[in-house]
Amino acid sequence: MMEGACQIHVGMKKIVIGIDIGGTNTAFGLVCDEGKIYGQGRLSTQQHPDVDRYQEELFLGIQQLLRLVEFEYEIIGVGIGAPNSNYYKGTIEYPANLPWPGVTPFVEKFKRFFPALPVVMTNDANAAALGEKIYGAAKNLNNFVVITLGTGLGSGFVINGELLLGHYGFAGELGHVIINHTGRVCGCGRKGCLETYVSATGIKRTVFKLLADKMGPSEFRYISYNDLTAEMITNAALNGDPLAIEAYEYTGEQLGRALANAVLITEPEAIFLFGGLTKAGPYIFEPTKRYMEQYMMTQFRNKVDVLPSGIEQGNAAILGAAALIWNEMLRAGA
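Mapping of the sequence shown onto the numbering used here: residues 60 to 393, in sequence order.
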């Protein structure tokens, strides 16, 4: 379960427990205010359909990390990023990519392990946006968007320096904007949501659609859907595979169109992409930017950059979750 190593510091150090709950795995770590991670752990999300048992395993992993810390520390809070989570209630509600159906009072349940600490939860992409603001390339920006390209598509919007949450805490769900009302079935129960086209699972579906529509040779013809991964598609694109490149072109077009619409509403200074699909480099960034500009309203063209996250991919999710607590402290003037 353990990843990374801790370092020795003199004196009391304030740290935050950062937890990122992904559709496949959960990552967690101990983070200071400078963005340094003092050890990381990982736990399967999908293999824990019982949320209580999952939380117990997560707590044991955190305790294992804390036992290896070789300096005096004070834990000041727990930040959690998770899909379909409600910042105000601390709940995860009807997630499309998690094994817990309905409404889960996640924070209330998890507080039993940390009764004296603030435990704050928000959408995983909202957490990523705060991480970008506090630790990454958006330190000097007050208006920006973060798009997370993982199992699904997450999005976090920062407007005038504040995270967009909305009245009930679910604002900014670009991944579930419908781009084709007769399109692909989504885990949320509707059809044609953006994340069914733009995500790790979305690009797999695109590859198989292309295989059905085309007769040319491809290494993917001998791979089952369950065995195919987005990483395989990325590597194939980087190695010049035409079908993989076409899959990324299509993915970039769908994302670019959606971003052109998002710009109309929020007018950001920049849009940051991170997640597994960004490892394809120009094969995702170039078509996304090109189609965004093509579909953009004239007065917004060539004003919004599409950039990679300024946070190291392996640390972004944990830092984003931890940033929830540091952001709460900054707002409180602590």
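Each residue gets a CB set at the ideal place from its N, CA and C atoms; glycine is no exception.
Rounded to the nearest whole angstrom, the C-alpha separation of V257 and M71 is 44 Å. Beta-bridge pairing by DSSP links V244 to K250. Rounded to the nearest whole angstrom, the CA to CA distance from Y194 to C252 is 30 Å. Annotation: the continuous beta strand (DSSP E) that includes K73 extends over 72-80. Distance between V365 and H107, taken at the CA atoms: about 36 Å. Distance from the Cα of I237 is smallest, within the candidate group G213, R249, G228, for R249. Within the region 144-214, the complete beta strand (DSSP E) segments at least 3 residues long are 150-152, 178-182, 203-208, listed from N- to C-terminus.
The alpha carbon of F331 has as its nearest neighbour, out of Q313, M355, Y307, G369, the alpha carbon of G369. In the structure shown, the three-state DSSP call for V217 is strand. In this structure, L383 sits away from V205, with a CB-CB distance that is not shorter than 7 Å. In this structure the region 338-348 does not touch the region 148-165; the number of beta carbon pairs closer than 8 Å is below three. In chain order, E352 place their CB closer than 6 Å to the CB of R360, counting only its own chain and leaving out the 5 sequence neighbours on each side. The secondary-structure analysis by DSSP pairs D364 across a beta bridge with A329. Here I292 really is in contact with A306; their C-beta atoms are around 6 Å apart, less than 8 Å. The Cβ-Cβ distance between L208 and G334 falls below 7 Å. Within the same chain, L189, I193 come within 7 Å of N386 by CB-CB distance, once the 5 residues on both sides are set aside. A141: member of the beta strand (DSSP E) spanning 132-141, first to last residue. Looking at the DSSP output, L222 shares a beta bridge with V217. The DSSP-derived three-state label of A86 is strand. Sequence-distant partners of A303 (beyond 5 residues in either direction) whose C-beta falls short of 6 Å from its own C-beta, in its chain, are I292, A295, A296. For I96, DSSP records a beta bridge to V90.
In chain order, N143, P160, G161, V162, C247 place their CB closer than 8 Å to the CB of Y153, counting only its own chain and leaving out the 5 sequence neighbours on each side.
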